[in-house]
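Since the structure comes first, as C-alpha coordinates, the remarks are kept for the end.
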Amino acid sequence: QHVYPSGGKSSILAPNHLNRQFNPATINRYWTGDITYIRTRQG
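If you want this note's numbering, it's the position in the sequence shown, counting the first as 1, plus 100.
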(Lines of atoms letter the chains of each structure in order from A and count residues from 1; the text may use other names and numbers.)
(Lines give C-alpha, C1' and ligand atoms only; values in the text may rest on other atoms or scores of the structure.)
Protein backbone atom coordinates (compact mmCIF):
# COMPACT_ATOMS: atom_id res chain seq x y z
CA GLN A 1 0.00 0.00 0.00
CA HIS A 2 1.33 3.42 -0.97
CA VAL A 3 1.24 6.47 1.26
CA TYR A 4 1.06 9.79 -0.57
CA PRO A 5 1.99 12.89 1.43
CA SER A 6 -0.41 15.80 1.11
CA GLY A 7 2.29 18.44 1.51
CA GLY A 8 0.00 20.29 3.91
CA LYS A 9 -2.52 21.05 1.16
CA SER A 10 -6.25 20.54 1.68
CA SER A 11 -8.25 18.39 -0.71
CA ILE A 12 -10.97 20.02 -2.79
CA LEU A 13 -14.27 18.16 -2.67
CA ALA A 14 -16.64 18.34 -5.61
CA PRO A 15 -20.37 18.78 -5.01
CA ASN A 16 -22.46 15.60 -4.97
CA HIS A 17 -24.80 16.24 -7.92
CA LEU A 18 -25.98 12.61 -8.12
CA ASN A 19 -26.91 12.35 -4.43
CA ARG A 20 -26.56 8.56 -4.80
CA GLN A 21 -29.32 8.41 -7.46
CA PHE A 22 -27.60 5.94 -9.80
CA ASN A 23 -30.66 5.10 -11.95
CA PRO A 24 -31.28 8.12 -14.21
CA ALA A 25 -34.55 8.48 -16.12
CA THR A 26 -32.73 8.64 -19.49
CA ILE A 27 -29.49 7.23 -20.86
CA ASN A 28 -26.39 9.43 -21.10
CA ARG A 29 -27.75 11.80 -18.48
CA TYR A 30 -24.82 11.45 -16.05
CA TRP A 31 -21.17 10.81 -16.86
CA THR A 32 -18.60 10.32 -14.13
CA GLY A 33 -14.89 9.77 -13.86
CA ASP A 34 -12.17 9.52 -11.27
CA ILE A 35 -8.49 10.36 -11.23
CA THR A 36 -6.86 9.02 -8.10
CA TYR A 37 -3.18 9.62 -8.86
CA ILE A 38 -1.15 11.21 -11.62
CA ARG A 39 2.61 10.88 -11.34
CA THR A 40 4.53 14.10 -12.08
CA ARG A 41 8.13 15.23 -11.71
CA GLN A 42 7.17 17.44 -8.78
CA GLY A 43 5.55 14.55 -6.94
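Idealized CB from N, CA, C, for every residue including glycine.
Original post:
Based on Cα-Cα distance, which residue from TYR137, LEU118, ILE138 lies nearest to ARG129?
Top reply: By one-based count along the sequence shown, residue 129 stands at place 29. When only C-alpha atoms are compared, the closest one is LEU118.
Subject >> Distance, ASP134 Cα to ILE116 Cα >> reply: For this step, residue 116 is matched to residue 16 along the sequence shown. For this step, residue 134 is matched to residue 34 along the sequence shown. Per the sequence shown, residue 116 should be read as Asn rather than Ile. Distance from the CA atom of ASN116 to the CA atom of ASP134, rounded to whole angstroms, is 14 angstroms.
Original post:
How many angstroms separate the CA atom of PRO124 from the CA atom of THR132?
Top reply: Numbered from its first residue, the sequence shown carries residue 124 at position 24. Numbered from its first residue, the sequence shown carries residue 132 at position 32. Pairing PRO124 with THR132, the inter-Cα distance amounts to about 13 angstroms.
Original post:
Less than 7 angstroms between the CB of TYR130 and some heavy atom of the ligand PLP, yes or no?
Top reply: The model on display carries no ligand, and the ligand PLP is accordingly not part of it.
Original post:
Of all the options THR126, THR136, PHE122, ARG120, which has the alpha carbon lying nearest to the alpha carbon of SER111?
Top reply: As a working mapping, residue 111 is identified with position 11 in the sequence shown. Checking every option, the nearest Cα to that of SER111 belongs to THR136.
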